[in-house]
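According to the numbering used here, the sequence shown is numbered sequentially starting from 235.
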Amino acid sequence: MESLFSAENWLTLVMLVALQAVLGFDNLLYISLESKRVEASKQQFVRRWGIGMAIFLRIILLFLLVQVIELFQAPFFSLNLPGIIETQMNVHAFIVLFGGGFIIYTAIQEIFHMISVHDLHSEGDGKRKRSVAMTIFWLVAMNMVFSFDSVLSSIALTDVFWVMALAIVISGVLMIVLSDYVADFLDRNRMYQVLGLFILLLVGILLLSEGGHLAHLKLFGYDVLPMAKTTFYFVLFVMVAVDVVQSRYQKKLMLERELREKLIRKVVKDGDGAAKSHA
235 MESLFSAENW LTLVMLVALQ AVLGFDNLLY ISLESKRVEA SKQQFVRRWG IGMAIFLRII
295 LLFLLVQVIE LFQAPFFSLN LPGIIETQMN VHAFIVLFGG GFIIYTAIQE IFHMISVHDL
355 HSEGDGKRKR SVAMTIFWLV AMNMVFSFDS VLSSIALTDV FWVMALAIVI SGVLMIVLSD
415 YVADFLDRNR MYQVLGLFIL LLVGILLLSE GGHLAHLKLF GYDVLPMAKT TFYFVLFVMV
475 AVDVVQSRYQ KKLMLERELR EKLIRKVVKD GDGAAKSHA
């Protein structure tokens with residue numbers, strides 16, 4: 235019993251919570267954007283129930299993976315067309331590929347909607363809404379896709395079930411709290427919704443590359459290699475930095491334009507006044 239609650243287990247718990255927090259950023263962003271598909275009054279309810287149900291299912295997934303992890307890695311479908319496509323698909327790879335494809339589809343759909351809308355003030359009115367139940371379903375389903383990496387990483391770090399389960403619960407509670415803040419931030423700063431959607435697009439590409447690698451996929455003789463996490467975070471940093479610099483530069487240009495327009499109006503007003511006094 236003492237070994238179960240040893241300092242090593244508590245240190246591992248802290249490491250797992252930190253790991254899930256890092257790996258869960260893209261999941262948190264997806265939850266915040268996806269919850270906007272329902273009515274504003276129900277968005278918080280959807281986020282909390284979606285994450286809460288996902289915590290429960292994550293623990294079940296953890297238990298299953300601990301017991302039958304070999305089944306998730308064993309190929310269930312093979313295709314061999316040399317020079318065109320070769321693969322040995324397993325359950326893990328299929329889930330990751332499906333999740334990546336769905337995220338890319340969702341991001342592209344939202345981006346096209348954003349650039350095609352004519353009235354930004356009535357954007358939400360013209361957008362097709364999802365039911366609460368369907369939105370929660372997709373939040374839970376995609377949460378399971380995102381959780382595979384963190385669950386497998388947990389199994390690699392420790393074999394103590396309560397440590398892994400408690401890390402999932404703690405990270406889930408943090409996600410419930412942070413999801414409200416992220417959603418509020420995106421509402422107040424709508425320009426960053428564009429950045430968020432392109433980050434999701436990048437996440438989808440990351441998952442596709444990882445799923446293709448897990449499936450030993452070859453296209454036209456070339457292996458599909460997974461995108462390195464360091465590359466992903468570097469690209470993410472560059473995207474955020476570019477967006478911040480561009481937004482500040484845009485504000486500067488708008489301020490200069492306003493000052494120039496005020497100066498022109500002042501010159502025109504002074505010229506009209508001079509003309510009237512001369513008359």
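Just so you know, even glycine gets a beta-carbon here, dropped at the ideal spot from N, CA and C.
Check	Outcome
Own chain, CB closer than 8 Å to residue 433, minus 5 neighbours either side, in chain order	260, 263, 470, 473
Cα-Cα separation, residue 475 to residue 485	16 Å
Coarse secondary structure for residue 242, derived from DSSP in three states	helix
For residue 320, the three-state DSSP class (helix, strand or coil)	strand
Cβ pair residue 308, residue 324 closer than 7 Å	yes
Cβ contact (3+ pairs, closer than 8 Å) linking the region 446 to 456 and the region 489 to 497	no
Per-residue DSSP class, three states only, for residue 251	helix
Three-state secondary structure assigned by DSSP to residue 315	strand
Whole-angstrom distance between residue 422 and residue 242, CA atom to CA atom	43 Å
Unbroken alpha helix (DSSP H) run spanning residue 344, endpoints	325 to 350
Validate contact between the region 393 to 411 and the region 287 to 300 using beta carbons, cut 8 Å, 3 pairs	yes
Residue 318, buried or exposed, once every other Cβ within 10 Å from all chains shown has been counted against 16	exposed
Bridge partner(s) assigned by DSSP for residue 452	320, 457
Residue of 395, 482, 480, 420 minimising C-alpha distance to residue 301	395
Opening and closing residue of the alpha helix (DSSP H) in which residue 422 lies	395 to 422
Rounded C-alpha distance that separates residue 478 from residue 425	10 Å
Whole-Å CB distance - residue 281 paired with residue 265, under 8 Å assumed	6 Å
Buried/exposed call for residue 269, threshold 16 Cβ in 10 Å	buried
Distance, residue 366 Cα to residue 554 Cα	This structure gives no information on residue 554, because the portion of the chain shown stretches from 235 to 513.
Chain-order list of residues whose beta-carbon lies under 6 Å from that of residue 446 (same chain, five-residue window excluded)	458
Residue from 378, 333, 480, 414 whose Cα sits closest to the Cα of residue 274	414
Cβ-Cβ distance between residue 284 and residue 373 below 7 Å	yes
Neighbourhood of residue 189 by C-beta, 7 Å cutoff - its chain only, sequence neighbours within 5 removed	This structure cannot settle anything about residue 189, because the visible part of the chain is limited to 235 through 513.
Contacts around residue 326, its chain only, beta-carbon distance under 7 Å, and the 5 residues preceding and following it disregarded	306, 307, 382, 448
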